[in-house]
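Structure first, then comments.
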Amino acid sequence: MSASTAENTNTLARTGRIALAAVAVGAVGYLDYVTGPRWGFSLFYVAPIAWLAWQVGARWSLALALLAATLWYLAEAPYYDDRLPSLWNAFTRLVIFGGVAGFLRRIRRQRDDLRLLLRAETELARTDPLTGLSNRLAVEQALTRERLRAEHQHSHFALGFLDLDNFKQLNDRYGHDAGDQALKRTADSLRGALRRGDVAARLGGDEFAFICVDTPYEALEPIAERVLVGTQEVSTGFPEAQLSASIGVVWVEAAPPDAQALLRLADQVMYGVKHSGKGRVAIERCAQRSSLWPAPGLD
498 MSASTAENTN TLARTGRIAL AAVAVGAVGY LDYVTGPRWG FSLFYVAPIA
548 WLAWQVGARW SLALALLAAT LWYLAEAPYY DDRLPSLWNA FTRLVIFGGV
598 AGFLRRIRRQ RDDLRLLLRA ETELARTDPL TGLSNRLAVE QALTRERLRA
648 EHQHSHFALG FLDLDNFKQL NDRYGHDAGD QALKRTADSL RGALRRGDVA
698 ARLGGDEFAF ICVDTPYEAL EPIAERVLVG TQEVSTGFPE AQLSASIGVV
748 WVEAAPPDAQ ALLRLADQVM YGVKHSGKGR VAIERCAQRS SLWPAPGLD
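Per this note's numbering, the very first residue in the sequence shown carries number 498; after that it's consecutive.
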């Protein structure tokens, strides 16, 4: 849905709510008129005013409060010779209706502010502050989602574990500010190498992870190679550090028992790369053939 279409839809919905509330107040005003002052319908004025304040806003609900007070006055005025008490009663009702509308709108605004604050805090809790990537918590949550999806949709996904080789040497040679820049550039290259919908994360220190969602095995190697090439481009900015990356990828054919187990497996594959020369990618298939975990061949 385009932005203009969504805006038009919201405008129509807003207009419909205003019209519905106005019709409700008009109906109550008509009842007031035909029954006279012996029967009171104040509660039924309050309901549409309060609903409109919550759904639309203070301005329109105050206008509706004015309409309600006016209708109430017009319904009662013919029964009294002195109009001053009727005017005063209409004014007090307007104040009450307006107070209800303003109070509810304030409550709605506070609720919305709290929701935004909670959403922002939740996002911060799932984001690495240095790189802006997802953090370990977000990765574990994403792995749980993918595990459930794999169970129900029989889809495949992969988890990659990336560790920067010789990162300590970079910090010692160029300083910690340069180390932070290298981490940020690695994060940018990781974002660029992955597809829309994939997850890029920094787990801490010089360790990164990525999740390739709904990915067949034959599509995984080109993605992993793009990740490796991206880190090689980062290393050109620090020639004396001999920076490289060891990447271990686990392609999941069946749902793992939990996120931590899969992270450990990807970590093992990555360390296998480190011990066999660094600076390359290793991809392992991971199948759950029984209740035992990990799968054979990945111990």
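Ideal Cβ placement from N, Cα and C applies to all residues, glycine included.
Every value quoted in this text rests on a predicted model; they were computed, and no experiment measured them.
Residues of its chain near residue i, where Cβ-Cβ distance is below 7 Å and the 5 sequence neighbours each way are ignored
i: Trp548; result: Ala518
i: Ala716; result: none
i: Leu591; result: Ala562, Leu563 and Ala566
i: Glu730; result: Ser686
i: Arg605; result: Trp551
Residues near residue i by beta carbon distance below 8 Å, same chain, minus five either side
i: Asp677; result: Leu627
i: Ala555; result: Ala598, Gly599 and Arg602
i: Lys681; result: Leu627 and Thr628
i: Leu634; result: Ala622 and Arg623
Nearest residue (CA-CA) to residue i, options the options
i: Ala544; options: Val520, Thr728 and Pro575; result: Val520
i: Ala756; options: Leu568, Ala622, Ala706 and Ala516; result: Ala706
i: Tyr527; options: Leu571, Leu563, Asn507 and Arg511; result: Leu571
i: Thr712; options: Ile744, Arg692, Ala639 and Leu700; result: Arg692
i: Gly727; options: Asp685, Ile708 and Leu630; result: Asp685
i: Leu762; options: Asp578, Ala655, Ala574 and Ala587; result: Ala655
i: Gly596; options: Ser558, Glu573 and Leu581; result: Ser558
i: Ala779; options: Thr683, Ser732, Gly745 and Gly657; result: Gly745
i: Val770; options: Ala516, Gly537, Asp660 and Arg633; result: Asp660
i: Val553; options: Leu584, Leu568, Trp585 and Arg514; result: Arg514
Nearest-angstrom Cα separation, counted from residue j out to residue i
i: Ala748; j: Arg608; result: Checking the sequence, you will find Trp at residue 748 rather than Ala. When rounded, the distance between both Cα atoms is 43 Å.
i: Leu740; j: Asp764; result: 19 Å
i: Ala574; j: Ala550; result: 28 Å
i: Pro534; j: Tyr577; result: 10 Å
i: Leu700; j: Ala742; result: 15 Å
i: Glu737; j: Thr683; result: 17 Å
i: Gly734; j: Gln666; result: 14 Å
i: Leu759; j: Leu540; result: 60 Å
i: Leu474; j: Asn505; result: Only positions 498 to 796 of the chain appear in the structure, and residue 474 is not among them; the question remains open.
i: Arg777; j: Ala510; result: 56 Å
Supposed contact pair residue j and residue i - C-beta distance, whole angstroms, cut 8 Å
i: Val522; j: Leu561; result: 6 Å
i: Leu687; j: Ala697; result: 5 Å
i: Phe594; j: Ile546; result: 5 Å
Beta-carbon proximity list for residue i, same chain, < 6 Å, skipping 5 on both sides
i: Ala690; result: Arg723, Val724 and Gly727
i: Gly694; result: Val710
Any C-beta of chain B under 8 Å from that of residue i
i: Val726; result: This model lacks chain B altogether, as it is built from one protein chain only.
Which runs of the alpha helix (DSSP H) spanning at least 4 residues fall entirely within the region 517-594, listed in chain order?
-> With a minimum length of 4 residues, the continuous alpha helix (DSSP H) runs that stay inside the region 517-594 are 539-552 and 555-573.
Can you list the beta strand (DSSP E) stretches of 3 or more residues lying completely in the region 658-740, in chain order?
-> Unbroken beta strand (DSSP E) runs of no fewer than 3 residues, entirely contained in the region 658-740, are found at 696-701 and 704-709, following chain order.
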